[in-house]
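Chains as they are written, first to last, in the numbering used here: chain A, 1 to 130; chain B, 1 to 130.
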DNA sequence: TTAAAATCAGTAACCATTACTGATTTTAAG
DNA sequence: CTTAAAATCAGTAATGGTTACTGATTTTAA
């Protein structure tokens, strides 16, 4: 993977936000810096970067993928109302290990891991606390 | 929701299999009994049935949805090689409640639940046990 | 400096799914 | 049983996120 101005800009934008943008949102924002960039380039580089484990691709219920430059072990909350994705700063590594172990016991398949997606209504859509 | 021969056939087929078929697979199988059924009808009824909680829609990593007539609380294993979906007969209700409680503590969002998807290589693709 | 490899912008194609059409079937009241 | 409104159908076009293709441009490394 060579360097390219476009890919660097995409990576820079993703690294500087915690909003877990979609490909379309990445395109809109990078376009402000590099107006000639094309949507195809954004998709291709998001695919390249996620295939190379430099960013995380987050599948959501509405079928639109979101992206995250934070590759540390952490979890996500998906708002079923607005579709936004939020970080959850909690350590679940022990729980995940336990789940994988338990799952391995009830199947002949080789369980390599599990994805955990939290969902509900975000504080922005329906504020509940001051 | 009235009755219709087509919807009953789709429901019957789903109830009689544990293979978690895709819309295309449902279409292929129901077509053997009702050759005139159209793919659009299958999609429309799968949507109707899942919207009415009579079946479960399972999102998978490859972007193709799978369906399950078993609406009991249970979990799924997705094979990253062949794309098949398997049931996991394990009781995780206590773990899920704990996770939701923990997640609620680290966010202002209203956490309503979480989806847990296991993945790996199935015994059909790479046999490991007799 | 230069040529091969990688990447680009632009756009067409892909594919799962949904929406639209006029015809047919189902339901429920008379 | 009729019969008319509502639901559903088959067939097909449209949608929308994503990927693939093109010839031109940029990057890399010798």
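Yeah, the Cβ is synthetic: ideal placement off N, Cα and C, and Gly gets one too.
CA nearest to the CA of residue i, picked from the options
i	options	result
residue 119 (chain A)	B:38, B:121, B:99, B:114	B:114
residue 55 (chain A)	A:45, A:62, A:69	A:69
residue 74 (chain A)	A:26, A:111, A:116, A:104	A:116
residue 20 (chain B)	B:40, B:32, B:9, B:65	B:65
residue 78 (chain B)	A:50, A:112, A:49	A:112
residue 72 (chain B)	B:126, B:62, B:28, B:90	B:90
residue 14 (chain A)	A:122, A:29, A:59	A:29
residue 67 (chain B)	B:16, B:126, B:2	B:16
residue 4 (chain A)	A:107, A:48, A:121	A:48
residue 22 (chain B)	B:105, B:63, B:103, B:106	B:63
residue 2 (chain B)	B:52, B:40, B:31, B:102	B:52
residue 81 (chain A)	A:93, A:92, A:61, A:105	A:61
residue 101 (chain B)	A:125, A:104, A:39, A:92	A:92
Short Cβ contact (8 Å threshold) for residue i with residue j
i	j	result
residue 45 (chain A)	residue 7 (chain A)	yes
residue 42 (chain A)	residue 10 (chain A)	yes
residue 99 (chain B)	residue 95 (chain A)	yes
residue 76 (chain A)	residue 59 (chain B)	no
residue 109 (chain B)	residue 36 (chain A)	no
residue 133 (chain A)	residue 107 (chain B)	Since the first residue shown for chain A is 1 and the last is 130, residue 133 (chain A) is missing from the structure and cannot be characterised.
Partner residues on chain A for residue i, Cβ-Cβ distance less than 7 Å
i	result
residue 24 (chain B)	Within 7 Å Cβ-Cβ: nothing; residue 24 (chain B) doesn't reach chain A, min ~17 Å.
Residue i - partner residues in DSSP beta bridges
i	result
residue 115 (chain A)	B:117
residue 88 (chain A)	A:75
residue 68 (chain A)	A:56
residue 110 (chain A)	B:121
residue 22 (chain B)	B:66
Per-residue contacts from residue i into chain A (C-beta, under 8 Å)
i	result
residue 119 (chain B)	111, 112, 113, 114, 115
Chain-ordered neighbours of residue i on chain B, where CB pairs are closer than 8 Å
i	result
residue 9 (chain A)	What residue 9 (chain A) touches in chain B: nothing, since even the nearest Cβ is about 27 Å away.
residue 128 (chain A)	108, 110
residue 79 (chain A)	109
Cross-chain neighbours of residue i in chain B, by beta carbon under 7 Å
i	result
residue 102 (chain A)	90
residue 122 (chain A)	109
Using Cβ-Cβ distances below 7 Å, what residues of the segment 53–73 of chain A are close to chain B?
-> Under the 7 Å Cβ criterion, the segment 53–73 of chain A contributes 59, 61.
Got a sec: which bits of the segment 84–100 of chain A sit with their beta carbon under 9 Å from any beta carbon on chain B, in order along the chain?
-> 86, 87, 88, 89, 90, 92, 95, 98, 99, 100
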